[in-house]
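Here is the structure we will look at, set down as structure tokens.
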């Protein structure tokens, strides 16, 4: 159980940022993961009055507010079309519909959890986070940053020409993935993202030109072999080192062949 001494609904981002600078204060963004621990905090900072619960789509980009729920993203027709269904594929097995109706983009991305399906799929795209003080930061850079007391405002996904696919292995539906993988060709660049290692997702690029001639059974297998050597894994209750090591090339190959089907 978690307890708070006070509850505040700031009316501006500046007010939210000021409140968040106190060590024991916390931004609450769904609290779907936070409530699973036993903690006592100072002030609960609710961003619900800041208009961050919308997905804005233009010809150039998606702007996804920090208070947008996972379910909103899962069912957004624009995201579905642009991502070739990869966003829905990544989100559909995150616990259950009730959970996804409460969990938010901001809470999920800020934690940068190793098993995050959300981080993995958006790392395959030309994605950025907007921080109140830190400004616009590439998602790949944000994923490596330490935690601080800034405020995550939104995720920005540029509509670069591309195609995307997503794969994951779970012990059962709705469980945390043992390994997840997204593949993409975006703005002419090949990317494979491997997450739930169980560390944070990593981005692999085709620096050796293995996919220069396109995706075939042979090139997908070659890149899968490269990924097997490039991605480090460790073990936990969702998979041993040996199991994850075996999964990396399998999911990489599957994701690339699925990508071929939507190009």
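Numbering (this note's numbering), first residue to last: 311 to 573.
A virtual CB, placed ideally from N, CA and C, is assigned to each residue, including glycine.
Only a predicted model underlies this, so the values are computations on that prediction, with no experimental measurement involved.
Please report the straight-line C-alpha distance between residue i and residue j, rounded to a whole angstrom.
i: residue 316; j: residue 330; result: 13 Å
i: residue 562; j: residue 500; result: 12 Å
i: residue 450; j: residue 508; result: 17 Å
i: residue 570; j: residue 527; result: 10 Å
i: residue 452; j: residue 529; result: 31 Å
i: residue 311; j: residue 517; result: 47 Å
i: residue 535; j: residue 520; result: 11 Å
i: residue 471; j: residue 392; result: 9 Å
i: residue 389; j: residue 395; result: 8 Å
i: residue 324; j: residue 513; result: 33 Å
i: residue 482; j: residue 549; result: 13 Å
i: residue 328; j: residue 363; result: 21 Å
i: residue 422; j: residue 552; result: 24 Å
i: residue 314; j: residue 377; result: 20 Å
i: residue 345; j: residue 333; result: 18 Å
i: residue 504; j: residue 361; result: 33 Å
i: residue 523; j: residue 320; result: 53 Å
i: residue 347; j: residue 326; result: 23 Å
i: residue 556; j: residue 455; result: 29 Å
i: residue 525; j: residue 502; result: 13 Å
i: residue 337; j: residue 387; result: 29 Å
i: residue 498; j: residue 409; result: 36 Å
i: residue 484; j: residue 385; result: 17 Å
Thinking C-beta only, is residue j closer than 7 Å to residue i?
i: residue 496; j: residue 488; result: no
i: residue 486; j: residue 432; result: no
i: residue 463; j: residue 435; result: no
i: residue 538; j: residue 560; result: no
i: residue 403; j: residue 490; result: no
i: residue 429; j: residue 494; result: no
i: residue 339; j: residue 417; result: yes
i: residue 365; j: residue 318; result: no
Can you tell me whether residue i is helix, strand or coil according to DSSP?
i: residue 474; result: strand
i: residue 448; result: strand
i: residue 411; result: helix
i: residue 370; result: coil
i: residue 387; result: helix
i: residue 541; result: coil
i: residue 356; result: strand
i: residue 493; result: strand
i: residue 378; result: coil
i: residue 499; result: strand
i: residue 338; result: strand
i: residue 525; result: coil
i: residue 536; result: helix
i: residue 484; result: coil
i: residue 551; result: helix
i: residue 313; result: strand
i: residue 457; result: coil
i: residue 422; result: coil
i: residue 404; result: coil
Can you tell me whether residue i is buried or exposed, with buried defined as 16 or more other CB within 10 angstroms of its CB?
i: residue 437; result: buried
i: residue 492; result: buried
i: residue 379; result: buried
i: residue 542; result: exposed
i: residue 383; result: buried
i: residue 515; result: exposed
i: residue 544; result: exposed
i: residue 342; result: buried
- request: Spell out a yes or no on whether the segment 405-414 and the segment 439-446 are touching, meaning 3 or more CB-CB pairs, one atom from each, closer than 8 Å.
  value: no
query: Looking at C-beta atoms only, is the number of pairs between the segment 469-485 and the segment 394-402 that lie closer than 8 Å three or more?
result: yes
task: Spell out a yes or no on whether the segment 333-352 and the segment 365-374 are touching, meaning 3 or more CB-CB pairs, one atom from each, closer than 8 Å.
output: no
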